[in-house]
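Same order as they appear, the protein sequences are chains A and B.
Mapping the first sequence onto numbering that gives the first Met the number 0, position 331 (from 1) lands on 330, and the numbers just tick up by one.
Mapping the second sequence onto numbering that gives the first Met the number 0, position 210 (from 1) lands on 209, and the numbers just tick up by one.
Just so it is clear, CB atoms sit at the ideal spot from N, CA and C, and this is done for glycine as well.
Protein chains: 2
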Amino acid sequence: MSTATGTKYVYFFGDGKADGNATMKPLLGGKGANLAEMNNIGLPVPAGFTVTTEVCTYFYDNDHTYPPELKEQVAEAMQGIERVMGAEFGSTTNPLLLSCRSGARESMPGMMDTILNIGLNDETVEALAKQAGNEAFAWDSYRRLIQMYGEVVMGMKPENKEDEDYFEDILHKKKEAVGAEFDSDLSADHLRELVADFKSTVKRVTGKDFPSDPLDQMWGAVGAVFGSWMNDRAMVYRRDYGIPHSWGTAINVQAMVFGNLGDDCATGVGLTRDCSMGGPGFNGDYLINAQGEDVVAGIRTPKLVEETLIEDAPDAFEQLTEIGQKLEQHYKDVQDIEFTVQRGTVWMLQTRNAKRTGFAAVRIAVDLVNEGLITPKEALEARRIPADDLNQLLQPIFDPAAKKQAQEDGSYLATGINAGPGAATGKICFHAADAEAAYEEDRDVQLILVRRETSPEDLRGMRIANGILTAFGGASSHAALVSRQMGKTCIVGCSELDIDYHEATVTVGEKVLKGGDWISIDGFTGEVFAGQVPTKPSEVVEVLIHKTIKPEDSEAFQRYEQLMKWVDEHRTLQVRANAETDHAAESVAFGAEGVGLCRTEHMFFNHLDEIREMIIADTKEARGLALAKLLPFQRDDFTELFRTMGERPVTIRLLDPPLHEFLSEHHLEEQPDLLHKLADMMGVASEVILRRVEEIKESNPMLGHRGCRLGIVFPEITAMQARAIFEAACAVKKDGIDVHPEVMVPLAGFSSEFDNQAKIIRDTAAEVMKEQGVEVEYLVGTMIELPRAALCADQIAKTAEFFSFGTNDLTQTTLGMSRDDYGGFIGYYQENDIIPADPFQTIDQDGVGRLMKIGVEGGRGSRDDLKIGICGEHGGDPASVMFCHNIGLNYVSCSPFRIPIARLSAAQVAVAEE
Amino acid sequence: MSTATGTKYVYFFGDGKADGNATMKPLLGGKGANLAEMNNIGLPVPAGFTVTTEVCTYFYDNDHTYPPELKEQVAEAMQGIERVMGAEFGSTTNPLLLSCRSGARESMPGMMDTILNIGLNDETVEALAKQAGNEAFAWDSYRRLIQMYGEVVMGMKPENKEDEDYFEDILHKKKEAVGAEFDSDLSADHLRELVADFKSTVKRVTGKDFPSDPLDQMWGAVGAVFGSWMNDRAMVYRRDYGIPHSWGTAINVQAMVFGNLGDDCATGVGLTRDCSMGGPGFNGDYLINAQGEDVVAGIRTPKLVEETLIEDAPDAFEQLTEIGQKLEQHYKDVQDIEFTVQRGTVWMLQTRNAKRTGFAAVRIAVDLVNEGLITPKEALEARRIPADDLNQLLQPIFDPAAKKQAQEDGSYLATGINAGPGAATGKICFHAADAEAAYEEDRDVQLILVRRETSPEDLRGMRIANGILTAFGGASSHAALVSRQMGKTCIVGCSELDIDYHEATVTVGEKVLKGGDWISIDGFTGEVFAGQVPTKPSEVVEVLIHKTIKPEDSEAFQRYEQLMKWVDEHRTLQVRANAETDHAAESVAFGAEGVGLCRTEHMFFNHLDEIREMIIADTKEARGLALAKLLPFQRDDFTELFRTMGERPVTIRLLDPPLHEFLSEHHLEEQPDLLHKLADMMGVASEVILRRVEEIKESNPMLGHRGCRLGIVFPEITAMQARAIFEAACAVKKDGIDVHPEVMVPLAGFSSEFDNQAKIIRDTAAEVMKEQGVEVEYLVGTMIELPRAALCADQIAKTAEFFSFGTNDLTQTTLGMSRDDYGGFIGYYQENDIIPADPFQTIDQDGVGRLMKIGVEGGRGSRDDLKIGICGEHGGDPASVMFCHNIGLNYVSCSPFRIPIARLSAAQVAVAEE
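Quick look at the structure:
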């Protein structure tokens, strides 16, 4: 905005009215907008003004200067404050004191600077002392101003441990010298001496005098607070929370009120209801006779508003209770407030929607509806229940007391990347085979699989273990992906662990744990503990999955059910499960409306002998024999899956991974007798097998002979899988279940590839249905997981009856980034703002998302009722689910434990667009 | 087209006019269109009619039936033939005989069937005998009809060696029985007996009589010829030559003329000028007293038109010469004709533009311009000189006589994939290190590097060798790509070679060659010979590069120069070279207008010690020390490159490959002392190096830590390279050369990646220019080689000053297909029509091409003068060059030896659109 047009840079508030309001957060920041709003609704707020975020932007664009209009607008607002507060800035009889606080659009607690008591100097301090009737109070306020101003404005803040802490050192020495235990033990004289010491130290260190002119102080404070927007802490915080640096901060200059004038004064923070578990009732912390910063600083232990304030200050308690109700009525949400009680009167310094745990979020949303404050639709707003937080209702947790104990007693070992939420404890086990052996011996064995990294060979071990802990890999490593899929607690990339398979030890610093020792992992936080920290399952899961609690006995479950009922009423996007037979029932309990991805190779890993025989076979006939052995296993698996899913559609993806995932040098090394076993089984020389292993080795397996490329070169694989699917479907249909199989061809890039496979599938289906004398409705479609498939979707949709975006692979190819290899740079990328988010967790909308849009447009252009879904990991990520809704997908598919989250996200985006 | 609208399915020609003309090839086929055209321009053509390709399509769409209108249209055309030829089909006094030939849009020589002498039966044969005054001729014609008809229409053709060859067996036995050496030794009675035998054999084998009704014969022939469109041979041919199966063939039914009525008759084929080297003058083959098929069958050795026809048949020779001139005047191109001389009169049976070698193509095009038949612009039409054929003027060749000798004397070993054109001979050498050692000893050593496959470690050995031969890999393997880049003769994937490095032998069947034995490879054909087959360099290259022939002494060179002058006058697309310092001069000689891709890592491979030191270094400082050692090498290289290229722009790509290409387990295995050498050099424990090697190992290197991801995580690498570039540029600028460096950031997918690197480059440039006191104009841009980069080109172009499409990697990621791994399926894909062409040779226009268009639109949307080029291998592929022109690129960049081809392609597409 041009400065020439007379832009309004300063928004005044005070005396029951304000220039701004709560909708103006981008311009006034959260704090400023809500200070204005509270004025507008008649709550007691000390008068003040907000300098807009546009000034911050101007400040950084113009070499730390201000728009020319600013000075006049500030002067005018100052007069307003003086008028409302009945005091004068710089007056030596009735001085007005000011605070100067940052206030960004999104809360950034503690990241930026604040200066209080602006306006004090050697003259005004005397006036304040007289007015307050409290000399020590006045000089202490002056002392605090010099300290804050020196640190924040004049650069005397100790940034590192080795830096000199000028003011605290002097204060400390003074207290020692006069035998004072607390600051409050210092007399007015002591404090006057301290002020002199502080001022001379400022001069000595900075070469400049502490400014005595109140206006100089105010402008110095404003500049410093704008400057703190770009301090290192604030930059890191914004990076972590995805706040753009370009937003800038607003500044609030406000009349001081004092909680430290005596025992009829107090200061505190509070919540209009409990934000940990969601229960009703005001609660908070306060200190009698204290200034706001003291509550946060933790020097004195605060008291609880809900317990003692009614006795300490019954009037204030009543005012607060009333204010809390008024705020909830007005904001229609739980508020997080700051207040000061000055001589019995409550002043509001801040209000904002309160942060809350997932547990609390669900309870508060449901309660607010029941209290009539909001509608069910409003309860679904994304800001009320960040969909990811639903996880807290589903995962097992550590018993809170036991965890606290573990944190304190030295059991804490290290922190890795929290890849699979939940809490788990078990005995350390290093190898999948050992896990299986232990499980054979004791079905209730408690294990944590501890690996440098995991591979598909570890799958069965991972299923048995309570949790998975790896030293390497990121949030999208094999261990992380599979754990999320299985709903297992998992920590990856815990690089402080030194794992020695040979010695069977995990070493962290000086601590050495052995195989069989207990270890506990918190997948919510990434913390690893030695020993056994007891866990408990989530109540919702006990009701839904384990059926160990009856629905009517669980309030938490009833609230979850209520919420999900509203969710399902509002969402239009369907939600399916990525699940094989063994997770199908669970996925239905979580609300899956079908299976979006059944990976047939998961079944193959249970029959490695046969699949290896198929790989080694060098003729179509020999391959056919091996495949014939696999057929009944596949058919039985599919039969069970179809029965569980009933009439819901079930998408079955044909064999996808490259053959070397089933047989490679790595397997031969790990199992020294495997080569001979295979040679004996196949009746061939070892050399034949070794040559085949060499043949199928690949430089870039992700871009190699996999997906439909296997089924094209070896059509008998596709034919066998199609036969298994349709034999199973016919059998279940005969039992009266109206099955809906959807056969999915993986990795097609050319329509000719799809057509080749579709013909085999359709021919086989016709053959089987004729044999069985049953008709089954089915679809044949493809995964869109290569850029070319999205670009040529119009061609592919001519014959494909559905699409499912495989966004894991689509991300890998579109970004040219392997999730197995991006560890070398992704950390650096995220820390240095090269990349906004992990593209394997949240869809890269500009790149991958654009391709998806091209794919949707192309596909629907050729077939306007084309059914389109997504079955990558992104299907369970809230932002990605919303994107999928926006580009018109029919469904998302995700791991069973992500289904409630996906449902909620789908409802939230639908509600947002209504 | 609906049959109800009375579509014209039959096109008559005869008596100097025709329903069709030469432009109607899609409908009438090539042969039919040109028969019509020859009629229209007054050449002697036996009357006939063409059944359109639409009938063929109808035939296949409607279960081998014809449109209802066809019968009547054919009957009408038959009457026309009878009228023009003054004979009657089926007449027992003046019978008309017909031929029935296929004729597709594109010539498919010998792939489909032909039936001659239609209309003969036991009655008409007597009339023919009487009319011709030659009983043996008539019965031989009848005998031929039954044989062709039996084989083609009635299914008696021997398809395999073991099948019975009914007719030839009977003929053979008859000749033995009567003591005849040639068919022509058989008397009319013998032939009459043969006819009877043939007819009874038809009945015996097929159960059906040979049809005596001439109309039945004609319709039978038409059906069989349409049927032959889908025979196996024809399908394979079309696949190989990229002819769509959907085109269908036309059929030409035409009055028979006879070259076998006596010694005033003849039959022949000819070219209006030499199509091997391009010299002027009619030349061809003919046989006196023979039918057309005899010339092709090779039973008698034909005579040469240009040598003896003037004596054998002076009138016919005069007619032919005149016809040849008339044809060239009319078609403005060399014609390939078939003719029959019947009793002294020449009849034309076919004309078409002649196929020619690359040598001939250039000479003919230039000569036709000089003769005033065509304009220079017409000379550039793509059909006259397929741009790829220019290669023949540039590559060394085997001495033709010596090669023929080698083919005949048993030196032939095997045939692989012709990956790098040219001919090369040398001593077998298995290891790059051995090649280097041999080269040290003898700078003129002649070597062929024979490897199972090649890797970057082999680069220096490949440079020394005359040619490269590998047992594995496809047309896009490392060996193939690098050879094309170096302009080296290369054969890859020669799977018959059994290479034993340990024994130092190459075995093919029973033949064993040792290291040091001579071997010769023909990169045009893929043939491998034992022994030394002498080669000679191309004349053009001798003039341009070796300067061993003066331009004025080489007519071939002068024609090349003339052509390229026209080329440069017409093209708008610029052509640059993919070249490092050592090929820069050569690229300029070939006409490069700049360097489009200088791969800095090629220089790194010459300084492996330093780059390995950089890799192992674990601090920024240690890396800096190693890089400081590399700086002078890079700077010297760039200085030389800039001097050679002068004022032409030079695009330098920063380090691209993953670090493990310089140091991996593979290197440590191949060089057992390397580990200790490195440990000593760096003063670190071997374990440190082994751990680092493990760290940088990748699962999918193509999608890993490479490209700008290296320069971002290790900014000191980028800084060093930028410094080397600008120090070199400043030095050269000081010498008065106005250098134009263009610094290219590889593998950027996010604009933030580009911005990060661009800042380092621009800061370094400013620093160096200040130090040196010189200003250098330069650009900073990026390779677009990831789908995301193309999709987000609008964002990247905000700061990038140029784009260069890296279509090798862009193809790999867009198609999800690694060129190192596609060997497992690409062969199957091409044989089975899954994929139309090798996407690494010709741009996949629907997929990769669409992304390129998105990239161009996005980039120019943000920066309308954005310079855009391509530097993948596709930059030298004619179809791809034309595509690049069409989507508006500024330049293509390719290997030096492909530059003339790219220039010609660029001119051809420009001419085509004018």
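Residues that tyrosine 500 of chain A contacts on chain B, provided the C-beta gap is smaller than 7 Å: Ordered by position in chain B, no residue passes the 7 Å Cβ test against tyrosine 500 of chain A, which lies about 14 Å from the chain.
Determine whether the Cβ of asparagine 577 of chain B lies closer than 9 Å to any Cβ atom of chain A. no
Same chain, Cβ closer than 6 Å to glutamate 913 of chain A, five either side skipped, listed in chain order: none
Range of the contiguous alpha helix (DSSP H) that encloses phenylalanine 641 of chain B: 619–644
Is glutamine 349 of chain A helix, strand or coil by DSSP? strand
Starting from glutamate 752 of chain B, find everything on chain A with Cβ-Cβ shorter than 9 Å and list it in chain order. Tyr828, Ile833, Ile834
Just to confirm my understanding: we take cysteine 489 of chain A, look at its own chain, exclude 5 residues before and 5 after, and list those with CB closer than 7 Å. What are they? Ala418, Gly419, Gly466, Ile467, Ala478, Ala479, Ser482, Gly522
Rounded to whole angstroms, what's the CA-CA distance from valine 365 of chain A to glycine 219 of chain A? Just pull it up for me. 47 Å
Kindly indicate the opening and closing residues of the beta strand (DSSP E) around phenylalanine 801 of chain A. 801–804
Would a C-beta distance cut-off of 9 Å place isoleucine 427 of chain B and valine 252 of chain B closer than the cut-off? no
Ignore the nearest five residues each way along the sequence and tell me which others in asparagine 120 of chain B's own chain have a CB closer than 6 Å to its CB. Ser211
What does arginine 708 of chain B reach in chain A if we use C-beta pairs closer than 7 Å? Phe824
Tell me whether the stretch 297–311 of chain A and the stretch 371–385 of chain A touch, counting them as touching only if at least three CB pairs, one residue from each stretch, are closer than 8 Å. no
DSSP three-state label for proline 536 of chain B, please. coil
Compare the C-beta of threonine 2 of chain B with all C-beta atoms of chain A and state if any pair is closer than 9 Å. For threonine 2 of chain B, the predicted structure reports a pLDDT of 44, less than 50, and the residue's modelled location is therefore unreliable. The matter cannot be settled from this model.
With a 10 Å radius around its C-beta and 16 neighbouring C-beta atoms as the bar for buried, classify tyrosine 240 of chain B as buried or exposed. exposed
Would you identify the three-state DSSP class for tyrosine 821 of chain A, choosing helix, strand or coil? helix
Compute the distance between the beta-carbons of isoleucine 336 of chain B and glycine 283 of chain B, then report whether it is under 9 Å. yes
Can you tell me the Cα-Cα spacing of glutamate 380 of chain B and phenylalanine 882 of chain B, whole angstroms? 16 Å
Let me check you understand the geometry: is the CB of lysine 676 of chain B closer than 8 Å to at least one non-hydrogen atom of the ligand ADP? Ligands in the displayed structure: none, and consequently the ligand ADP is not present.
Counting contacts by CB-CB distance shorter than 9 Å, is phenylalanine 749 of chain B in contact with chain A? yes
Near leucine 888 of chain B, what residues of its chain come up, given a Cβ to Cβ distance below 8 Å and the 5 sequence neighbours on each side ignored? Leu572, Phe804, Val855, Ile867, Gly868, Ile869
Contacts that serine 482 of chain B makes with chain A (C-beta to C-beta distance below 8 Å): None at all; the shortest Cβ gap to chain A is about 19 Å.
What are the residues in the stretch 690–720 of chain B lying within 7 Å of chain A by C-beta distance? Glu697, Ser698, Asn699, Pro700, Met701, Leu702, Gly703, His704, Arg708, Ile711, Val712
Cysteine 489 of chain B CB to nearest chain A CB: under 9 Å? no
When the cut-off is 9 Å and only beta carbons count, does asparagine 807 of chain B lie next to chain A? no
Contacting residues, own chain, Cβ-Cβ under 8 Å from glutamine 844 of chain A (five flanking each side not counted): Phe882
To the nearest angstrom, report how far apart leucine 348 of chain B and isoleucine 900 of chain B are at their CA atoms. 36 Å
Looking at chain A, is there any beta carbon in it that lies within less than 9 Å of the beta carbon of glutamine 794 of chain B? yes
Host beta strand (DSSP E) of serine 494 of chain A (start-end): Per DSSP, serine 494 of chain A belongs to no beta strand (DSSP E) and is neither H nor E.
Is aspartate 262 of chain B helix, strand or coil when you go by DSSP? coil
Could you tell me the boundaries of the alpha helix (DSSP H) in which glutamate 560 of chain B lies? 554–569
Do the stretch 50–68 of chain B and the stretch 26–36 of chain B touch if we need at least three Cβ pairs shorter than 8 Å? yes
For glycine 590 of chain A, tell me which candidate among A:Ile416, A:Gln391, A:Thr599, A:Leu543 has the shortest Cα-Cα distance. A:Leu543
Proline 740 of chain B and tyrosine 777 of chain B: beta carbons closer than 9 Å? yes
Can you confirm whether proline 786 of chain B, when its beta carbon is compared against all beta carbons of chain A, has any partner nearer than 9 Å? yes
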